[in-house]
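Heads up, the thing below is written out as structure tokens.
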Amino acid sequence: MEVVVLSSGSKGNSTFIKTESTKILIDLGVTKSYIEEKLKEIEEEPKEINGILITHTHVDHIQGLKVFLKKYNTKLYVTEKIKSLLAEHGIEADYVICDKNFSIGDIDIDIIKTSHDAPGSVGFIIKSKDKSLVYITDTGYINERYFNKLKNHNLYIMESNHNIEMLIEGKYPDHLKRRIWSDKGHLSNEAAGEYLSMFIGDNTKMIVLAHISDDNNTYDQAYAEVLSILKKKSKKVPKIIVAKQKQRTEIIEIW
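So for the sequence shown, my numbering puts the first residue at 12; every next one is plus one.
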């Protein structure tokens, strides 16, 4: 399995995943031209994408979806709730409704309900053969009922949105600060570190910290804070990287 986070942050999110026979995107919150450009950089063709998953319908996750679908007519794998919300945005697609676990080619997808101020928001556990990754962004907390199934995967793409002190002392109005810090907001660096310390295991090869706030965090702060918590919990992972806005990550191989 290969994974590339094409862009991550409040201005747009999208992630590419490839197995031996299947290619998918998670979210399309950047422009069609940006996706085409970044896929070309890794020698992939947009027309070969087998399906698109959508975590929720905030603009930074669906901005380029309508135009991309108009050109490529890629199948859209979404819950019934997300389909109804996308319809309100005028997005027409070849929909496949997936309210339970489902598969696209040789990729098996387990839906995780997240807690965000977007109706029906979800994350995913993605498996192919004996390899797996967890994809969770845009959530105020992670429900304990998912803890066991979230443990010991090869790769975690996990939100590490804000530093709590930077958020409190920052320029945002109080109502927006409360929204971000609420249980329907975003995970702080501290929360991300605590969750990851519970989830990672011997099979974990890499963590990608995602959806970093432009105003209430820095890439270095997110990395340092999460790493510090993992060290305090005596948890080790071979590699941690930070996904950036309008920059793709390296090709992450989890064969």
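For each residue, glycine too, the CB sits at the ideal point set by N, CA and C.
Using the Cα positions of residue i and residue j, report the straight-line distance between them to the nearest angstrom.
i: residue 39; j: residue 66; result: 10 angstroms
i: residue 124; j: residue 12; result: 24 angstroms
i: residue 33; j: residue 161; result: 23 angstroms
i: residue 58; j: residue 50; result: 11 angstroms
i: residue 121; j: residue 55; result: 25 angstroms
i: residue 196; j: residue 206; result: 16 angstroms
i: residue 151; j: residue 202; result: 9 angstroms
i: residue 244; j: residue 208; result: 7 angstroms
i: residue 192; j: residue 73; result: 23 angstroms
i: residue 247; j: residue 156; result: 24 angstroms
i: residue 85; j: residue 180; result: 43 angstroms
i: residue 118; j: residue 182; result: 43 angstroms
i: residue 176; j: residue 104; result: 42 angstroms
Can you tell me the Cβ-Cβ gap for residue i and residue j, rounded? I've got them flagged as a contact below 8 angstroms.
i: residue 227; j: residue 187; result: With 8 angstroms as the limit, residue 227 and residue 187 do not qualify as a contact, their Cβ atoms being about 10 angstroms apart.
i: residue 17; j: residue 259; result: 5 angstroms
i: residue 265; j: residue 144; result: 7 angstroms
i: residue 37; j: residue 135; result: 7 angstroms
i: residue 76; j: residue 35; result: About 14 angstroms; that fails the 8 angstroms criterion.
i: residue 263; j: residue 217; result: 6 angstroms
Are the beta-carbon atoms belonging to residue i and residue j less than 9 angstroms from one another?
i: residue 23; j: residue 45; result: yes
i: residue 30; j: residue 129; result: no
i: residue 149; j: residue 170; result: yes
i: residue 199; j: residue 173; result: yes
i: residue 15; j: residue 27; result: yes
i: residue 137; j: residue 167; result: no
i: residue 133; j: residue 108; result: no
i: residue 79; j: residue 111; result: no
i: residue 254; j: residue 20; result: yes
i: residue 83; j: residue 53; result: no
i: residue 214; j: residue 159; result: no
i: residue 126; j: residue 154; result: yes
i: residue 256; j: residue 231; result: no
Would you list the residues sitting across from residue i in a DSSP beta bridge?
i: residue 219; result: 168 and 252
i: residue 186; result: Bridge partners of residue 186: none, in fact.
i: residue 88; result: 64 and 107
Is the beta carbon of residue i within less than 8 angstroms of some heavy atom of the ligand HEM?
i: residue 230; result: With respect to small molecules bound, the structure shown includes none, and the ligand HEM cannot be examined in it.
What alpha helix (DSSP H) runs, 4 residues minimum, are completely inside the region 94-144? Complete alpha helix (DSSP H) runs here, min 4: none at all.
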